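Undergrad:
In my numbering, the protein residues as written are 2 to 111.
#1: Is the CB of residue 81 under 9 angstroms away from at least one CB in chain B?
#2: Hey, out of 105, 110, 82, 45, whose CA is closest to residue 95's CA?
#3: Classify residue 42 as buried or exposed, calling it buried when 16 or more other Cβ atoms lie within 10 Å of its own Cβ.
#4: Check residue 107 in the structure and name its three-state DSSP category.
#5: In terms of residue numbering, what span does the alpha helix (DSSP H) encompassing residue 91 cover?
#6: So, using beta-carbon positions, are residue 89 and residue 32 closer together than 9 angstroms?
#7: Going by C-alpha distance, which of 53, 82, 52 is nearest residue 37?
#8: In whole angstroms, what is the alpha-carbon distance linking residue 75 and residue 93?
#9: Taking the alpha-carbon of residue 30 as reference, which of 97, 101, 103 has the nearest alpha-carbon?
#10: Compare the Cα-Cα distances from residue 77 to each of 15, 9, 46, 14 and report the closest residue.
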């Protein structure tokens with residue numbers, strides 16, 4: 002539907018052609034943001050588990066509002082960071098790894 006609409010508009014006022022390339026095959030990719038996000042996921046997981054253990058020991062398992070707010074913030078950050086990692090992995094996987102790499106390195110998916 003959208004494509005048909007754009008074709009009609011293009012007949013009235015022709016669009017200029019644009020071309021682009023992805024950044025990964027050119028070698029322009031910085032894995033640091035993904036690494037930081039992955040470390041955040043690991044740290045938040047550890048902190049949530051530690052916080053839970055302390056809350057159980059110190060307060061007999063009763064979960065106060067402060068505890069619930071803290072855990073909610075940590076889980077939210079952990080999930081946000083995990084989504085960032087998945088996004089970055091998809092970029093690498095979709096843009097960089099092509100049929101040639103899979104032929105040369107058949108174990109690449111592993």
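A virtual CB, placed ideally from N, CA and C, is assigned to each residue, including glycine.
A quick note: this is a predicted structure, and the numbers were derived from the prediction, not measured.
TA: Looking at the atomic coordinates:
#1: Annotation note: the requested chain B is absent from the structure, which comprises a single protein chain.
#2: It is 110 whose Cα lies nearest to the Cα of residue 95.
#3: Classification for residue 42: buried.
#4: coil
#5: 66–92
#6: Closer than 9 angstroms, so yes.
#7: Nearest neighbour of residue 37 by Cα position, chosen from 53, 82, 52, turns out to be 82.
#8: 27 angstroms
#9: 97
#10: When only C-alpha atoms are compared, the closest one is 46.
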